[in-house]
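See structure below.
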Amino acid sequence: MGISMAAMILSSVVCAGCVLAFIVFYIKSKGQYDEYIEYLDKEEYGLKDFIPLGLAMGEVKIFQKVLPLSLRSALARHKNQVYQKILEIRGPKNAEFYQFIHQGYRLTVALIAAVGASVVGMIQVFQGSSDGILFTGAAVAAWIGAPFLVDTSLKGEIEKRRLAIQMEFPEFVNKLTLLVNAGMTISKAWEKIINENKREHILYDEMRYALAEIKAGRPEAIAYEEFARRCHVKEVTKFVSVIVMNLKRGGSEVVPVLREQGQECWEMRKNAAKAMGEQASTKILIPMMIMFLGIVLIVATPAVLSMTSGM
């Protein structure tokens with residue numbers, strides 16, 4: 018009886034704390050952050066309408082002050098790592114804004130998951146189910162761990178972004194090689210390719226940013242190097258080192274080197290496409306297994322029923 022009462026008290030306290038936090042931050046955030054979330058994509062942020070709760074939670078610094086110094090330092094390092102990922106995904110112009118949104122989103126996910134699990138846990142405990150305490154523990158775990166699970170989603174976005182660059186980059190290198198071979202400078206060829214490309218793509222967005230920096234007075238070599246850093250793709254970095262060396266030395270052998278780079282990039286694209294195909298085949302395997310089990314059940318069920326009826 019003592020253990021059951023303790024479980025009831027624990028689940029009630031956890032549930033009350035989670036629900037109270039939800040109500041308090043909902044009231045506090047209402048109408049305060051509308052301009053921040055207005056243009057966010059709901060497909061990207063499934064809990065878009067609740068992000069203000071997390072933004073309001075993030076402004077409460079009391080939780081950080083009570084933490085030990087070593088834990089605060091570890092969290093600060095983790096926050097910087099998250100910012101570096103967002104910087105790569107969103108670019109330097111939008112990184113700070115999306116970091117702010119991401120911090121709010123991760124806290125929102127944690128709060129909603131904790132509320133849901135704690136409510137289910139309390140109901141289960143008061144119904145006498147031993148599973149209730151597990152849900153209560155899951156609520157506490159969600160409050161602590163959910164933000165870090167949300168952070169791991171950034172890795173998938175980075176891989177998707179880099180893959181998109183890898184798939185498009187060889188075509189760009191071929192165009193650049195042809196234009197430079199025809200007598201254009203690298204900067205003019207760069208600009209012509211951008212102007213002729215009308216579709217939106219991560220690679221061309223980064224190229225436009227580099228071109229804008231050059232037109233604003235930044236040295237070409239530095240603008241190209243920053244472009245390579247933002248892309249975070251090995252072949253792009255190697256390509257940029259070639260054109261930067263050409264700018265510094267004024268060499269006339271840049272076209273053969275660019276052709277060689279183009280061939281390497283096409284090999285990179287083939288490998289990337291192969292990796293995509295392998296991932297797709299792995300994803301298809303699970304539905305195929307489910308279908309196979311369904312067919313087995315359909316075929317085997319009449320035989321089993323006839324055997325049981327005969328007995």
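Going left to right, the sequence shown walks through residues 18 to 328 as the numbering used here numbers them. Note that the Cβ used here is the ideal one computed from N, Cα and C, for glycine as well. The structure presented is a predicted model; accordingly, all values stated were derived computationally and were not measured.
Counting the other Cβ atoms within 10 Å of the Cβ of Q183 gives 16 or more, which makes it buried. CA-CA distance, K209 to L104, rounds to 27 Å.
Nearest in C-alpha terms to V157, of all of L220, M22, A23 and S28, is S28.
Residue environment: T202 is assigned as exposed (fewer than 16 neighbouring CB atoms within 10 Å of its CB, all protein chains considered).
DSSP places N111 in the coil class of the three-state scheme, outside both helix and strand. Between V126 and A163 a beta carbon distance of about 5 Å is seen, short of the 8 Å cut, so the two are scored as contacting.
With a minimum length of 4 residues, the unbroken runs of alpha helix (DSSP H) contained wholly in the stretch 48 to 114 fall at 51 to 54, 68 to 75, 79 to 82 and 86 to 107.
Ranked by Cα distance from V36, the first of I129, E237 and A91 is I129. Here V250 carries a coil assignment [DSSP, helix/strand/coil].
A direct Cα-Cα distance of roughly 26 Å separates P69 from F152. Exposure of T169 is indicated by the presence of fewer than 16 other C-beta atoms within 10 angstroms of its C-beta. In the DSSP assignment, K177 falls within the alpha helix (DSSP H) that extends over D148 to N198.
Distance from the CA atom of K265 to the CA atom of V259, rounded to whole angstroms, is 10 Å.
Judged by beta-carbon spacing, Y100 lies beyond the 8 Å limit of V167, meaning their Cβ atoms are not closer than that value. A181 places its beta carbon 8 Å or farther from that of L193. For the pair M25 and I161, the Cα-to-Cα distance works out to about 22 Å. Rounded to the nearest whole angstrom, the CA to CA distance from S146 to N111 is 49 Å.
Per the C-alpha coordinates, the member of S90, G75 and K232 positioned closest to F117 is G75. Nearest C-alpha to G108 among V261, R246 and H95: R246.
V257 sits close to E242, with the two beta carbons spaced by under 8 Å. Taking a C-beta distance under 8 Å as the contact criterion, Y221 and I211 qualify as a contact pair. Nearest to L275 by alpha-carbon distance, out of R178, V197 and A131, is V197. Of the residues assessed, V30 falls on the exposed side of the cut-off, its CB having fewer than 16 other CB atoms within 10 angstroms. For R225, same chain residues with a beta-carbon under 6 Å away, outside a window of 5 residues either side, are I211 in chain order. Residue burial is scored here from C-beta neighbours: M22 has fewer than 16 other C-beta atoms within 10 angstroms and is therefore classed as exposed.
Approximately 27 Å separates the beta-carbon atoms of R179 and V272; this is outside 8 Å, ruling out the contact.
Distance from the CA of S135 to the CA of C32, rounded to the nearest whole angstrom, comes to 5 Å.
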